[in-house]
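Here's the structure we're looking at; comments come further down.
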Amino acid sequence: MPTVPRAPGARIAANLAAIRVLRELSETGHAATPEQQRTLGAWSSWGAVPQVFDESNPTYVAQQEQLRGLLSDTEWDAASRTTINAHYTDPTFAAAMWSGLADLGFTGGTVLEPGCGSGTFIGLAPEGARMTGVELDPVTAAIAGHLYPQATVVAESFATTRTPAGTYDAVIGNVPFANVTLTDPVHNQARHVMHNHFILKSLALTKPGGTVAVLTSRYTMDAQNPAARRAIAEQAVLLGAVRLPNGAHQRTAGTQVITDLLVLRKRDGTGSAADLDWERAEPADLGEGSLRINTYFQQRPQQVLGAMSYDAGRYDSGDLRVTATGEVAPALEHAVRRIVTGARAAGLTHHPRDLTDAERGVAALTGAQVDRFVGHLAHSGGQFTRRTAAGVDEVLEVPRTQQGELPGCWGCGTGSWRCWRPRPPTLTTPPSWWRSAASLPPATTPTSRCTGRCNGSPSGAPGASIPTPVPRSWPRSARR
Ligand SMILES: C[S@@+](CC[C@H](N)C(=O)[O-])C[C@H]1O[C@@H](n2cnc3c(N)ncnc32)[C@H](O)[C@@H]1O
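In this text, residue positions in the sequence shown follow my numbering: the first is 495, and each later residue adds one.
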């Protein structure tokens, strides 16, 4: 793999050269020559050099003008947005992750890299891996496509990716981190922050028994609120985690952020509950102060590639510092090997299998069916169903006395599929069928409003309000 320059000016120059090559390629329609691929391979996006978008910074005025001349307004906006999380992975770390996947039993199959950048993991994929990358920034996605023509690179937000559940054998990568929430009615109803959303969606798209190995923000593990970890644990067994020190990503990505590698195995019905000790992040005494650290790392200091300490300097509340005690890449390889050894001992190696018909349900989540959200109630052929978080429509028992009334209440048109989103009842003990219908993922805020994606809506108007069905036996105050 080509090495990217480190100094900001050289990085910017390499990026500009890559965009020029990209322009030539799109004008000629030719595939990139090896020489052009070398230039494209030095692309490192803008995460390490956000200053090029700072119009008040005189240092890079000339480069900024060149960039303006090379990008359309839309591309400029997309490029400036990459500054928050386009930090590429050191190839030696990516290689250690691939080698862990192979040791777990991966010998080939479909693999997703969500937020693929220019394709660090695609470039290091072993023979037999059929790679798909999803990348938001169109320029970066085009570069990845020219660098790895054998891979499928999709230029879109992963939040809008509509791939059926259980498609991939494995997922590998370094997800984008940000304290923002992306709208994804299929895979992020609970409104998790971006990095956790990416992990949860990656798991949903992975086959049972498949592996998800991703670098993520340390806050996936250390956030006080365990909601995301619980949601991850519902879908997967944590085979192990490794905490990388500050500075691990400085050379390649120009960031001091602390990251964690999580190695997860998608549940296939055989997982044990023994992995639940990673749900809590509890105060740890770090000398000058105390910070919440996941109990997994408190109990397994060997999985932290450095010494953890309290850094009072940067924020009022203090911050974690992890000081490397040696070379990171070989330490990462060792830590990954420990995870593999544990997984083998527990019989939790990489064994992806296709979803069963029952798991797939009557309709998998396909692009044509994304109007069925988690929690959707539907009525077809005399049967009521509810869409679960796994994308399956499970049969819902509705008392006979309410079977006639319920579809009428939905008022969502005359098509055979109708949608309704439950809202919490004001009663303390709602009927059991309602509780079943309303048992959405924990952090979901149910709403009585149709989102406008109702099949068969007579007006087709977005946001049409759908009355909540209220059984006649409920007190008057509960009817709205
Ligand atoms: C941390 S970088 C990792 C890049 C690459 N996977 C690697 O490891 O070198 C995250 C990447 O995700 C991309 N990204 C950010 N938001 C995204 C979104 N909503 N959908 C898809 N990609 C996104 C960024 O542009 C960036 O390229």
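Backbone N, C-alpha and C define an ideal beta-carbon position, used for all residues, glycine too.
Shortest gap from the CB of His581 to any heavy atom of ligand 1: under 6 angstroms. For Leu598, the enclosing alpha helix (DSSP H) has its first and last residue at Pro585 to Leu598. Bounds of any alpha helix (DSSP H) do not take in Arg656, whose DSSP letter is neither H nor E. Partner residues in the beta bridge of Ile787, as assigned by DSSP, are Glu776. Listed in chain order, the non-local C-beta contacts of Gly836 below 8 angstroms within the same chain comprise Leu733 and Gly734, local neighbours out to five positions each way being set aside. Scanning Leu534, Gly535 and Val555 for the CA closest to the CA of Pro544 turns up Val555.
According to the DSSP secondary-structure assignment, Met715 is paired through a beta bridge with no residue. Contact check between the segment 682 to 692 and the segment 613 to 630: fewer than three CB pairs, one atom from each, fall below 8 angstroms, which does not count as touching. Between the alpha carbons of Ala501 and Arg761 lies a gap of roughly 44 angstroms. Here the distance from the Cβ of Phe547 to the nearest heavy atom of ligand 1 is not below 6 angstroms. Between ligand 1 and the CB of Ser711, the shortest heavy atom gap is not smaller than 6 angstroms. Bridge partners of Ser803 according to DSSP: Arg815. If you draw a straight line from the Cα of Glu782 to the Cα of Asp716, it is about 19 angstroms long. In the three-state reduction of the DSSP assignment, Gln877 falls in the strand class. DSSP places Thr626 in the uninterrupted beta strand (DSSP E) bounded by Ala623 to Glu629.
The residue among Arg712, Ala707 and Thr657 with its C-alpha nearest the C-alpha of Leu699 is Thr657. If you draw a straight line from the Cα of Ala730 to the Cα of Glu559, it is about 48 angstroms long. Remark: C-beta atoms of Leu756 and Val822 do not approach each other more closely than 7 angstroms. With contacts defined by Cβ atoms closer than 7 angstroms, Ala508 and Ser539 do not form a contacting pair. The beta carbon of Thr614 sits closer than 6 angstroms to at least one heavy atom of ligand 1.
For Ile833, the enclosing alpha helix (DSSP H) begins and ends at Val822 to Ala839. Leu849 carries a coil assignment under DSSP once its states are collapsed to helix, strand and coil.
Judged by their CB atoms, Thr843 and Gly535 are not nearer to each other than the 7 angstroms cut-off. With the rule of 3 Cβ pairs closer than 8 angstroms, the segment 630 to 646 does not count as touching the segment 584 to 603.
For Leu606, the shortest C-beta to heavy atom distance toward ligand 1 is 6 angstroms or greater. In this structure Ser612 is in contact with Trp537, their Cβ atoms being roughly 5 angstroms apart against a cut-off of 8 angstroms. In terms of Cβ geometry, Gly800 and Ala818 form a close pair [threshold 7 angstroms].
Relative to ligand 1, the nearest heavy atom lies less than 6 angstroms away from the CB of Phe652. In this structure, Thr576 has its CB closer than 6 angstroms to one or more heavy atoms of ligand 1. Non-local C-beta neighbours of Gly704 in its own chain, meaning closer than 6 angstroms and more than five positions away in sequence, comprise Asp663, Ala664, Lys760 and Pro846, ordered along the chain.
When beta bridges are read from the DSSP output, Gly734 appears opposite Val757. Beta-carbon to beta-carbon, Leu510 and Ala636 are separated by about 15 angstroms, too far to satisfy the 8 angstroms threshold. The residue among Thr654, Arg575, Pro702 and Arg532 with its C-alpha nearest the C-alpha of Pro608 is Thr654. At least 7 angstroms separates the beta-carbon of Ala725 from that of Leu676.
Taking the C-beta atoms as reference points, Arg786 is found no nearer than 7 angstroms to Asn740. For Glu529, the enclosing alpha helix (DSSP H) stretches over residues Pro528 to Gly535.
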